[in-house]
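Everything on this sheet refers to the single structure shown next.
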Ligand SMILES: [Fe+2]
């Protein structure tokens with residue numbers, strides 16, 4: 001092969017290397033290429049196997065090919081040691097480690113002067129071992145392939161069939177081939193590792209997402225269960241109090257109608273929050289003894305004190321409904337007054353959540369029109385008057401107006417409502 005031919009061959013080899021993703025296939029291609037183009041008694045490649053921590057033959061071609069399954073070299077093998085020491089050159093010897101030819105080895109052994117550096121015995125021993133390995137492998141030349149300082153493999157070539165020593169051009173060609181192949185192998189391995197890592201990461205991520213979904217579902221389920229419990233508590237409260245008995249739905253409907261009239265945004269969870277608050281605002285009454293809750297006469301100061309705790313108790317009961325944090329907040333403030341004279345916190349005007357201001361009006365209306373055991377329910381018109389009279393002090397005037405407008409425009413006829421309540 002001429003110099004030009006080598007360069008061409010090299011270019012072609014480099015091109016195919018870029019395309020090759022499987023490093024073993026690449027090495028086999030190189031072995032076949034050298035064997036065909038140069039004409040050798042054999043061409044073989046040793047490659048480092050990470051899993052086995054050994055150098056193994058991936059391919060061997062030619063008349064004197066090596067039985068690749070049988071021969072494996074570990075890191076203590078003289079040949080491997082020779083090339084591995086290139087990276088951490090300690091000055092033990094200054095002999096070339098770019099490649100190894102048997103002529104070179106013979107020359108070194110015949111000329112002890114080049115080894116005259118204080119480690120001569122050790123070095124000579126190593127070179128004798130090298131000679132031995134090369135004879136066993138029928139190697140005329142060994143060319144290491146590195147990636148940075150890591151020995152990835154060794155090209156082991158037999159004698160030229162045509163005879164004669166290898167030219168410097170040929171040796172340099174083998175070196176370039178070995179190093180390019182090493183780089184390609186390293187890249188392919190890197191890609192493989194990266195792919196494996198990504199797959200693992202992806203798998204972990206999927207598992208995590210599934211787990212999070214499960215947790216979220218469990219949490220939702222718990223919230224639903226809790227909501228059901230709280231609702232049944234609220235129903236119990238309503239059932240105990242004769243004037244509200246059976247009117248939970250009425251209260252909720254009137255409240256939503258008022259909110260709509262006010263132009264209050266009911267999109268998303270906002271309507272659910274309002275409805276839940278309308279249903280649950282008196283749930284805190286659950287702890288109040290029946291004789292207080294159902295007392296027809298005026299409550300004593302002590303009894304009032306207990307009664308006035310129901311908004312904060314209700315908020316405490318609703319605290320675990322984390323999806324409905326606002327419900328607890330609304331419930332806490334449903335007995336605040338617009339003028340700031342209500343309880344439990346004396347909030348004023350806009351400080352009071354709008355839903356709580358709505359509940360205050362709807363709840364008062366209900367109390368007025370409903371028949372209690374000690375008096376008949378009064379008419380809707382009387383209730384309206386009372387609401388209007390207290391607008392701006394007890395109630396938010398805007399909410400009162402919206403409520404009356406909503407009530408009047410609704411299908412709920414006044415007489416119908418009244419007779420409905422009189423039935424109790
Ligand atoms: Fe209340």
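Numbering (UniProt numbering), first residue to last: 1 to 424.
Heads up, the beta-carbon is just placed ideally off N, CA and C, and yes, glycines get one too.
Quick caveat, the model's predicted, so the values are computed rather than measured.
Cross-strand partners of residue i (DSSP beta bridge)
i: residue 257; result: Residue 257 is not bridged to any residue.
i: residue 101; result: 141
i: residue 150; result: 147
i: residue 47; result: 56, 153
i: residue 395; result: 391
i: residue 40; result: 160
Distance between beta carbons of residue j and residue i, contact taken as under 8 Å
i: residue 160; j: residue 58; result: About 22 Å; that fails the 8 Å criterion.
i: residue 329; j: residue 353; result: 6 Å
i: residue 152; j: residue 186; result: 7 Å
i: residue 27; j: residue 47; result: 6 Å
i: residue 334; j: residue 356; result: 5 Å
i: residue 280; j: residue 314; result: 7 Å
i: residue 82; j: residue 126; result: 7 Å
i: residue 138; j: residue 64; result: 5 Å
i: residue 113; j: residue 145; result: Contact doesn't hold; Cβ gap of about 31 Å is too wide.
i: residue 182; j: residue 147; result: 5 Å
i: residue 141; j: residue 100; result: 7 Å
i: residue 273; j: residue 326; result: 5 Å
i: residue 395; j: residue 338; result: 6 Å
i: residue 336; j: residue 342; result: 4 Å
i: residue 35; j: residue 61; result: 4 Å
i: residue 400; j: residue 381; result: Between residue 381 and residue 400 the Cβ distance is about 14 Å, and since that is not below 8 Å, they are no contact.
i: residue 278; j: residue 251; result: 6 Å
i: residue 240; j: residue 316; result: Going by Cβ atoms, the distance from residue 240 to residue 316 rounds to 19 Å, so no, they are not a contact pair.
i: residue 397; j: residue 391; result: 4 Å
i: residue 72; j: residue 54; result: 5 Å
Neighbour flag for residue i against chain B, beta carbons, 7 Å
i: residue 288; result: This model lacks chain B altogether, as it is built from one protein chain only.
### Task
Determine contact between the region 124-137 and the region 71-79, defined as no fewer than three beta-carbon pairs at a distance below 8 Å.
yes
### Query
Where are the beta strand (DSSP E) runs, 3 residues long or more, that stay fully inside the region 297-342, in chain order?
none
### Query
Is the region 216-232 close to the region 318-326, with three or more CB pairs under 8 Å?
yes
### Query
Which parts of the region 56-90 are runs of the alpha helix (DSSP H), unbroken and 4 residues or longer, counting only runs that do not cross its ends?
78-84
#### Entry: Whole alpha helix (DSSP H) elements within the region 158-245, 4-residue minimum
168-240
### Query
How do the region 38-51 and the region 147-167 stand: do at least 3 beta-carbon pairs fall below 8 Å, yes or no?
yes
### Query
Given 8 Å as the limit, is there contact between the region 348-368 and the region 250-258, that is, 3 or more CB pairs closer than that?
yes
### Three CB pairs or more closer than 8 Å across the region 272-288 and the region 301-312
yes
### Task
Indicate whether the contact test is met: 3 or more Cβ pairs, each with one atom in the region 288-306 and one in the region 205-214, closer than 8 Å.
no
#### Entry: Contact between the region 402-411 and the region 256-275 (3+ Cβ pairs under 8 Å)
yes
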